[in-house]
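Asker: One structure is given below, represented as structure tokens, and several questions about it will come after.
Residue numbers (our numbering): 3 to 489.
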């Protein structure tokens with residue numbers, strides 16, 4: 003296995019030497035081995051050390067780099083070997099579930115490499131490489147499963163961390179792997195332990211599916227096969243609605259239900275994100291909103307309201323169902339606040355009957371979408387069109403985007419022209435009426451009643467004409483004029 007040696011950086015060799023000199027046996031494990039066997043350069047160096055206690059481990063590691071004692075008592079250290087480069091160094095450990103608070107870890111430096119490997123999740127992650135002997139330690143057929151594209155659990159210890167089911171989901175999405183039948187059955191038996199997983203860990207696996215998934219449908223299929231889809235009721239409901247029931251959809255051999263349509267949409271989203279060279283943050287928003295895009299329609303159909311006529315009601319249902327799902331996967335607020343309006347409005351072009359949009363509708367749409375944008379919305383509409391039956395209409399909302407670009411509201415809503423200072427200049431006193439006037443002025447601006455600052459001032463003059471003179475003021479004015487004439 004000399005192919006590994008030339009992949010080890012000098013800083014890693016230095017660390018390995020210090021660990022060996024201290025009496026330990028350091029092995030490179032997990033993703034680093036797996037990725038190099040797949041021909042992929044990995045920067046995910048994990049080192050597992052046998053034969054050292056936690057304190058001896060820390061002392062030897064400190065000779066090679068700056069140590070962040072993330073979990074000395076757990077036998078886990080992070081070592082900084084360079085700017086932005088940290089390596090995990092750990093002792094073999096045992097894991098067990100501790101009720102709703104999650105996992106406890108107990109280091110055991112006297113474990114054998116085979117026993118430690120037996121406690122890992124999948125066979126493809128249970129391999130280790132000894133850099134000093136050149137041996138690849140593969141006790142459970144990881145190489146064969148890697149070649150065949152199979153996710154197979156190593157053994158009973160898989161159940162010690164139910165998060166591993168979701169890890170299998172994102173692995174399948176990233177590499178287009180399938181899950182071994184016995185592992186599917188084993189994972190199905192872990193459903194009852196889902197609530198023992200910390201929300202942050204749940205989101206970590208969903209995020210990897212969104213950011214790294216090459217074929218998200220493969221990962222979501224794992225949820226279906228293992229029964230874990232049922233842990234997310236809104237996903238389960240997608241499978242209960244035939245595609246024919248969705249407005250404007252026609253069933254195809256590969257997409258018979260709203261669930262299958264969503265799987266196809268997720269794969270289409272990856273291709274479009276790749277085409278448009280989107281950065282991670284943008285891709286995350288697009289795939290998240292794609293996953294949720296049919297929630298509102300499905301709920302509307304199941305509640306007996308399949309009509310597109312009530313756009314407001316559809317948006318309400320979409321927001322409610324999407325918000326519940328995003329909370330269930332512990333999605334961060336900064337993402338959900340962008341995904342929600344995209345899902346709420348994704349049918350807007352269809353609700354308008356595919357008519358060419360006017361400027362007012364486009365400007366109002368930009369406001370409803372914020373902090374998401376019309377650029378993101380049009381991309382979502384394209385994804386949903388490409389994954390459905392209407393593939394000839396590649397970009398059904400392109401006219402909206404073009405007009406938004408002309409109007410300057412494709413990336414964000416137009417800025418209000420009438421501001422508080424204008425109200426003060428007009429002699430108005432601050433109060434509740436201020437907010438009402440500013441909102442009315444902005445709505446008028448979006449409707450196209452004015453598009454300049456001067457136009458905004460004229461609108462204000464018409465909306466709030468100057469107060470008529472009071473009787474006392476009129477009498478005083480008459481007196482002043484009379485005195486002036488007499489002089």
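Cβ atoms here follow ideal geometry from the backbone N, Cα and C, with glycine treated the same way.
All values derive from a computational prediction rather than experimental measurement.
#1: Can you tell me whether DSSP reads residue 259 as helix, strand or coil?
#2: In chain order, which continuous runs of the beta strand (DSSP E) of length 3 or greater are located wholly inside the stretch 289 to 362?
#3: Counting pairs of beta carbons, one from the stretch 159 to 178 and one from the stretch 210 to 220, are three or more of them closer than 8 Å?
#4: Going by the CB atoms, is the gap between residue 415 and residue 372 shorter than 7 Å?
#5: By the DSSP assignment, the beta strand (DSSP E) with residue 2 in it spans what residues?
#6: Please classify residue 479 as buried or exposed, where buried requires at least 16 neighbouring CB atoms within 10 angstroms.
#7: Under the three-state reduction of DSSP, which class applies to residue 101: helix, strand or coil?
#8: Determine the burial state of residue 183: buried for a count of at least 16 other Cβ atoms within 10 Å of its Cβ, exposed for fewer.
#9: Tell me the rounded alpha-carbon separation between residue 117 and residue 86.
#10: In the DSSP assignment, what residue or residues form a beta bridge with residue 30?
#11: Indicate whether the contact test is met: 3 or more Cβ pairs, each with one atom in the stretch 297 to 308 and one in the stretch 198 to 206, closer than 8 Å.
#12: So the beta strand (DSSP E) residue 490 belongs to, where does it begin and stop?
#13: Between residue 203 and chain B, is there a C-beta pair that is closer than 7 Å?
#14: Nearest by alpha-carbon distance to residue 187: which of 149, 227, 332 is it?
#15: Would the stretch 321 to 329 and the stretch 264 to 281 be scored as touching if the rule is three or more Cβ pairs under 8 Å?
#16: At which residues does the alpha helix (DSSP H) containing residue 59 begin and terminate?
#17: Return the chain-ordered ranges of every alpha helix (DSSP H) run that is complete within the stretch 373 to 446 and spans a minimum of 4 residues.
#18: With distances taken from CA atoms, which of 170, 189, 330 is nearest residue 234?
#19: Assign residue 272 to one of two classes, buried (16 or more other C-beta atoms within 10 Å of its C-beta) or exposed (fewer than that).
#20: According to DSSP, simplified to helix, strand and coil, what is residue 14?
#21: Quick one: is residue 15 buried, meaning 16 or more other Cβ sit within 10 Å of its Cβ, or exposed?
#22: Tell me the rounded alpha-carbon separation between residue 152 and residue 170.
#23: Compare the beta carbon distance of residue 90 and residue 48 with 7 Å and say whether it is the shorter of the two.
#24: Under 8 Å, with one C-beta from each stretch per pair, do the stretch 428 to 446 and the stretch 399 to 410 reach the 3-pair mark?
#25: Run the CB neighbour count on residue 498, radius 10 Å, all protein chains shown included, and call it buried at 16 or more, exposed below.
#26: If you draw a straight line from the alpha carbon of residue 24 to that of residue 58, how long is it in whole angstroms?
#27: Around the Cβ of residue 463, are there at least 16 other Cβ atoms within 10 angstroms (buried) or fewer (exposed)?
#28: Where are the alpha helix (DSSP H) runs, 4 residues long or more, that stay fully inside the stretch 147 to 209, in chain order?
#29: Quick one: what's got a C-beta closer than 8 Å to residue 259's C-beta in the same chain, skipping five residues either side?
#30: Can you tell me which of the three DSSP states residue 364 falls into?
#31: Under three-state DSSP, which class holds residue 222?
#32: Which residues mark the beginning and the end of the beta strand (DSSP E) in which residue 139 is found?
#33: Classify residue 466 as helix, strand or coil using the three-state DSSP reduction.
#34: Going by DSSP, what residues sit across from residue 69 in a beta bridge?
#35: Check each candidate in 327, 406, 348 and name the one with the smallest Cα separation from residue 361.
#36: Between residue 193 and the rest of its own chain, which residues show a CB-CB distance below 7 Å, the 5 nearest in sequence each way excluded?
Answerer: So, from the listed chains and residues:
#1: Strand, per DSSP.
#2: None, since the stretch 289 to 362 contains no complete beta strand (DSSP E) of that length.
#3: Yes, the stretch 159 to 178 touches the stretch 210 to 220.
#4: Yes.
#5: Nothing can be reported for residue 2, as the shown portion of the chain is limited to 3 through 489.
#6: Residue confidence for residue 479 is low, a pLDDT of 49 falling below 50, so the modelled location carries little weight and cannot support an answer.
#7: With a pLDDT of 47 at residue 101, under the threshold of 50, the predicted position of this residue should be treated as unreliable, and no value is reported.
#8: Classification of residue 183: exposed, given that the 10 Å Cβ count is below 16.
#9: Their backbone Cα atoms lie some 33 Å apart in a straight line.
#10: In the DSSP assignment, the residues bridged to residue 30 are 49, 131.
#11: Counting Cβ pairs under 8 Å, fewer than three are found: no touch.
#12: There is simply no residue 490 to check, as the chain begins at 3 and stops at 489 in what is shown.
#13: Reference to chain B is not applicable here, since this structure consists of a single protein chain.
#14: Nearest C-alpha to residue 187: 227.
#15: The answer is no - the stretch 264 to 281 does not touch the stretch 321 to 329, with fewer than three Cβ pairs under 8 Å.
#16: Secondary structure note for residue 59: its alpha helix (DSSP H) is the uninterrupted segment 56 to 63.
#17: Segments of the alpha helix (DSSP H) lying fully in the stretch 373 to 446: 376 to 388, 400 to 409, 422 to 427.
#18: Comparing Cα positions, the closest option is 330.
#19: That one is buried.
#20: Three-state DSSP puts residue 14 in a helix.
#21: Classification of residue 15: exposed, given that the 10 Å Cβ count is below 16.
#22: A straight line joining the alpha-carbon of residue 152 with that of residue 170 spans about 10 Å.
#23: In terms of Cβ geometry, residue 90 and residue 48 form a close pair [threshold 7 Å].
#24: Too few Cβ pairs lie closer than 8 Å, so no.
#25: What is shown of the chain runs 3 to 489, which leaves residue 498 out entirely.
#26: Within the model, the alpha-carbon separation for residue 24 versus residue 58 is close to 7 Å.
#27: Exposure of residue 463 is indicated by the presence of fewer than 16 other C-beta atoms within 10 angstroms of its C-beta.
#28: Counting whole runs of 4 or more residues, the stretch 147 to 209 contains the alpha helix (DSSP H) stretches 165 to 177, 183 to 190.
#29: Leaving aside the five residues that flank residue 259 on each side, the residues in its chain whose CB is nearer than 8 Å to its CB run, in chain order, 240, 241, 242, 243, 244, 245.
#30: Three-state result, residue 364: helix.
#31: Residue 222: helix per DSSP, three-state reduction.
#32: Element bounds for residue 139: 137 to 139.
#33: In the structure shown, residue 466 sits in coil (DSSP, three-state: anything other than H, G, I, E or B).
#34: Residue 69 is bridged to 81.
#35: For residue 361, the nearest C-alpha among the options comes from 406.
#36: These residues qualify, in order along the chain: 229, 230, 233.
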